[in-house]
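Asker:
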Amino acid sequence: QKEVEQNSGPLSVPEGAIASLNCTYSDRVSQSFFWYRQYSGKSPELIMSIYSNGDKEDGRFTAQLNKASQYVSLLIRDSQPSDSATYLCAVNKGNSGGYQKVTFGTGTKLQVIP
Amino acid sequence: DAGITQSPRHKVTETGTPVTLRCHQTENHRYMYWYRQDPGHGLRLIHYSYGVKDTDKGEVSDGYSVSRSKTEDFLLTLESATSSQTSVYFCAIRGHLAPGREVRYEQYFGPGTRLTVT
Chain H
1 QKEVEQNSGP LSVPEGAIAS LNCTYSDRVS QSFFWYRQYS GKSPELIMSI YSNGDKEDGR
61 FTAQLNKASQ YVSLLIRDSQ PSDSATYLCA VNKGNSGGYQ KVTFGTGTKL QVIP
Chain R
1 DAGITQSPRH KVTETGTPVT LRCHQTENHR YMYWYRQDPG HGLRLIHYSY GVKDTDKGEV
61 SDGYSVSRSK TEDFLLTLES ATSSQTSVYF CAIRGHLAPG REVRYEQYFG PGTRLTVT
């Protein structure tokens with residue numbers, strides 16, 4: 001079982017729709033969770049971080065965390081063609097020999113169709 | 001913008017040659033990381049640093065070494081490059097603590113170096 005799992009996609013949504021991206025993680029002691037957006041040929045860009053159960057909203061983005069189910073999601077409202085990218089889920093597992101280990105999923109490719 | 005630059009941005013080298021990649025940051029971040037990104041594997045940690053001359057191994061450290069003689073520079077060296085080290089390499093820093101706030105673990109990435117070993 002992978003530590004952080006994402007559906008590779010592609011996830012295709014029409015412009016203006018809500019895109020829902022999902023991520024599950026295996027280690028129950030995980031403490032903090034991140035979503036990165038990565039355009040083709042570019043570096044990952046942090047778009048959301050979430051530390052507590054529930055929802056966190058920032059503009060068109062909402063991150064949702066459910067630690068009991070070991071599940072974190074990202075909703076993108078009013079999807080735009082410019083949102084087409086690969087979205088990486090990352091999980092901070094907490095202390096591992098003094099190092100706060102962050103494990104990345106392999107990403108979900110999102111395509112927003114005009 | 002976390003003030004991170006990487007050099008070179010692209011490099012082609014031959015098997016068996018040494019290669020050094022440089023990561024430079026301008027905001028006095030303590031923690032710095034080197035990752036490689038490959039299709040199907042995602043981002044994997046090679047080495048990290050928690051201060052000047054303080055470094056440790058990540059999950060895919062074989063064949064790589066690092067050095068950090070100054071806060072702003074973190075160097076990744078491939079002692080004898082192999083074709084399996086063809087990859088995109090990203091440097092990252094961990095964000096500063098917000099005054100009076102909980103510890104934050106967000107990482108911010110540099111622009112990357114595309115390395116091809118022939």
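Protein sequence lines correspond, in order, to chains H and R. Heads up, the first sequence is in the working numbering, so the first residue is 1 and it goes up one at a time. Heads up, the second sequence is in the working numbering, so the first residue is 1 and it goes up one at a time. Just so you know, even glycine gets a beta-carbon here, dropped at the ideal spot from N, CA and C. Everything numeric in this text was worked out from a predicted model, so none of it was measured.
#1: In the DSSP assignment, find the beta strand (DSSP E) that holds residue 114(R) and state where it starts and stops.
#2: Considering only C-alpha positions, which residue in the set 87(R), 105(R), 3(R) is nearest to residue 23(R)?
#3: Provide the residue span of the beta strand (DSSP E) that contains residue 41(R), from first to last.
#4: Which residue comes first and which comes last in the beta strand (DSSP E) that contains residue 18(H)?
#5: Quick one: is residue 70(R) buried, meaning 16 or more other Cβ sit within 10 Å of its Cβ, or exposed?
#6: Which residues of the stretch 6 to 36 of chain H have a Cβ closer than 7 Å to any Cβ of chain R? Give them in chain order.
#7: Going straight from the alpha carbon of residue 115(R) to that of residue 38(R), what length do you get?
#8: In chain order, which beta strand (DSSP E) runs of at least 3 residues are fully inside the stretch 31 to 110 of chain H?
#9: Quick test of your reading: residue 43(H) and residue 90(R), contact by CB under 8 Å. State the CB separation rounded to the nearest angstrom.
#10: What separation, rounded to the nearest whole angstrom, lies between the Cα atoms of residue 60(H) and residue 8(H)?
#11: Buried or exposed: which applies to residue 93(H), given that a residue is buried once 16 or more other Cβ atoms fall within 10 Å of its Cβ?
#12: Name the DSSP bridge partner or partners of residue 51(R)?
#13: Tell me, please, which residues DSSP counts as bridged to residue 3(H).
#14: Please tell me whether residue 8(R) has its Cβ less than 8 Å away from any Cβ of chain H.
#15: Would you check if there are 3 or more beta carbon pairs closer than 8 Å linking the stretch 75 to 88 of chain R to the stretch 1 to 21 of chain R?
#16: Determine whether the Cβ of residue 104(H) lies closer than 8 Å to any Cβ atom of chain R.
#17: If distances are taken between C-alpha atoms only, which option among 103(H), 73(H), 80(H) comes closest to residue 57(H)?
#18: Assuming the contact rule is C-beta atoms closer than 8 Å, residue 112(H) and residue 45(H) should be a hit. Round their C-beta distance to whole Å, please.
#19: Which residues bound the beta strand (DSSP E) around residue 73(R)?
#20: With three or more beta-carbon pairs closer than 8 Å as the criterion, would you say the stretch 105 to 113 of chain R touches the stretch 53 to 72 of chain R?
Answerer: From the atom records:
#1: 113 to 117
#2: 3(R)
#3: Element bounds for residue 41(R): n/a, residue is neither H nor E.
#4: Segment: none, residue 18(H) is in no beta strand (DSSP E) and carries neither H nor E.
#5: exposed
#6: 32, 34
#7: 11 Å
#8: 32 to 38, 45 to 50, 54 to 58, 61 to 66, 71 to 76, 85 to 96, 99 to 104
#9: 6 Å
#10: 22 Å
#11: buried
#12: 54(R)
#13: Paired residue(s): none; residue 3(H) is not in a bridge.
#14: no
#15: yes
#16: yes
#17: 73(H)
#18: At roughly 17 Å, the Cβ-Cβ gap does not stay under 8 Å, so residue 112(H) and residue 45(H) are not in contact.
#19: 73 to 78
#20: no
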